[in-house]
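This report concerns only the one structure given below.
2 protein chains.
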Amino acid sequence: MAIERKSKQRDAIINELCSRYDHPTAMELYLSVREIIPNLSLGTLYRNLTQLEENNMVLRIPDGSNDRFDGNVNPHAHFKCITCGKVYDLMSFKNDSITFSDDIIGQVNNYSLMAFGHCKYCNKIN
Amino acid sequence: MAIERKSKQRDAIINELCSRYDHPTAMELYLSVREIIPNLSLGTLYRNLTQLEENNMVLRIPDGSNDRFDGNVNPHAHFKCITCGKVYDLMSFKNDSITFSDDIIGQVNNYSLMAFGHCKYCNKIN
DNA sequence: CTCGTTAACAGTAATGATTACTATTATTAT
DNA sequence: ATAATAATAGTAATCATTACTGTTAACGAG
């Protein structure tokens, strides 16, 4: 669904998301934006996150039933601490090289790589 | 939590999961195993999946609030069709080389790579 | 083999993130 | 200014997963 009109709520959501680097969950983001717009509705937050994702203005980081969100829309890898649950950037792009920071953040025990696209065998609109 | 006793239910779950390659969700797996153990409890399925994952006998493929499960515990990449929702194996390992099959399954539009481990900055037991 | 301990189970209730719904507000084109 | 309707606030509903409780069955000791 395309974005057709401006709204203070959406502006505040994007602004908050782009000014932090900790990959907040919907609820964490909600509590932050609430400090600027005290009567922000949780439904509004979710609707905007979905809409912004569809318009490539926000990146969704799948994380069970607690997805995280990132203002950096360039697809990049993440590291999740099994113990505390925090999510860090795993790779950084500088100049033309990719820097892995797994030895800085912590030991990587496991990973999950999921690619998204449209399959050939799909009988739905494709 | 360690597995201490055998159970017919757990055996049936593992057996079903290892005999198919379509990365079923908990519910899909539940319906299949039900055909063998008609009064299998959904709670039992979830408990066993978690336990089997902890004991590296089953791989959990994060997928929103509909995680998928795989009897192949060797970490490997997956491809999810945005249209139909099916999940395929993206990479296959043969001899010493990794074969990417994105051009066979479909076009990759985006990806999500999440690594798991223990971070340095974590103040919980580590 | 029988018994006792308790892991594992079936069935049901509770939880919690997300989505849907409805009446109201506010953006934007005319 | 006004009309059309996108976007919102607040609330209710949904749905996958987890927690709870009484019962069953695996298995080690006698």
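In order, the protein sequences belong to chains Y and X.
Numbering-wise, the working numbering comes out as the position in the first sequence, counting from 1, plus 102.
Numbering-wise, the working numbering comes out as the position in the second sequence, counting from 1, plus 102.
All C-beta atoms in this analysis are idealised placements derived from N, C-alpha and C, irrespective of residue type, glycine included.
Exercise. By how many angstroms is the C-alpha of Ser109 (chain Y) removed from the C-alpha of Ile184 (chain X)?
Worked result: 29 Å
Problem set entry | The alpha helix (DSSP H) enclosing Gly145 (chain X), as first and last residue numbers | 144-156
Exercise. By a C-beta neighbour count over all protein chains shown, 10 Å radius and 16 as the cutoff for buried, is Asp165 (chain X) buried or exposed?
Worked result: buried
Problem set entry | For Lys222 (chain X), three-class secondary structure by DSSP | coil
Exercise. Under 9 Å Cβ-Cβ, which residues of chain Y neighbour Val210 (chain X)?
Worked result: Ala217, Phe218, Gly219
Problem set entry | Whether Gln111 (chain X) touches Thr146 (chain X) by CB criterion (8 Å) | yes
For this session: Closer than 9 Å by beta-carbon distance: list the chain Y residues that pair up with Leu192 (chain X), in chain order.
Result: Leu215, Met216, Ala217
For this session: Check whether the Cβ atoms of Asn168 (chain Y) and Thr127 (chain Y) lie closer than 8 Å to each other.
Result: yes
Exercise. Is the number of C-beta pairs between the region 113-120 of chain X and the region 135-143 of chain X that are closer than 8 Å three or more?
Worked result: yes
Problem set entry | Residues that Asn212 (chain X) bridges to, as DSSP identifies them | Y:Phe218
For this session: Go through its chain and collect everything with a Cβ distance to Arg162 (chain X)'s Cβ below 7 Å, but skip five positions before and after it.
Result: Glu155, Asp169, Phe171
Exercise. What residues in its chain sit with their C-beta under 8 Å from that of Ile227 (chain X), if we drop five residues either side in the sequence?
Worked result: Confidence at Ile227 (chain X) is low in this model, with a pLDDT of 46, below 50, so the placement of that residue should be treated as unreliable; the coordinate-derived value is given next. Nothing meets the Cβ criterion.
Exercise. Hey, out of Y:Cys186, Y:Gly219, Y:Val189, whose CA is closest to Cys186 (chain X)'s CA?
Worked result: Y:Gly219
Exercise. Terminal residues of the continuous beta strand (DSSP E) containing Leu192 (chain Y)?
Worked result: Here Leu192 (chain Y) belongs to no beta strand (DSSP E), and DSSP marks it neither H nor E.
Exercise. Is the shortest distance between the beta-carbon of Ile227 (chain Y) and the beta-carbons of chain X less than 8 Å?
Worked result: Summary for Ile227 (chain Y): the model assigns pLDDT 47, below 50, so the residue's position carries little reliability; its value from the coordinates is reported in the next sentence. Closer than 8 Å to some Cβ of chain X, the Cβ of Ile227 (chain Y) qualifies, so yes.
For this session: Please compile the residues from chain Y whose C-beta is within a distance smaller than 7 Å of the C-beta of Cys260 (chain X).
Result: Outside the shown range of chain X (103 to 228) lies residue 260 (chain X), about which nothing can therefore be said.
For this session: Rank Y:Phe181, Y:Tyr213, Y:Asn157, Y:His180 by C-alpha distance to the C-alpha of Glu106 (chain Y) and give the top, closest one.
Result: Y:Asn157
For this session: Could you name the residues of chain Y that His180 (chain X) contacts, counting a contact when the two beta carbons are closer than 9 Å?
Result: Ser214, Leu215, Met216, Ala217
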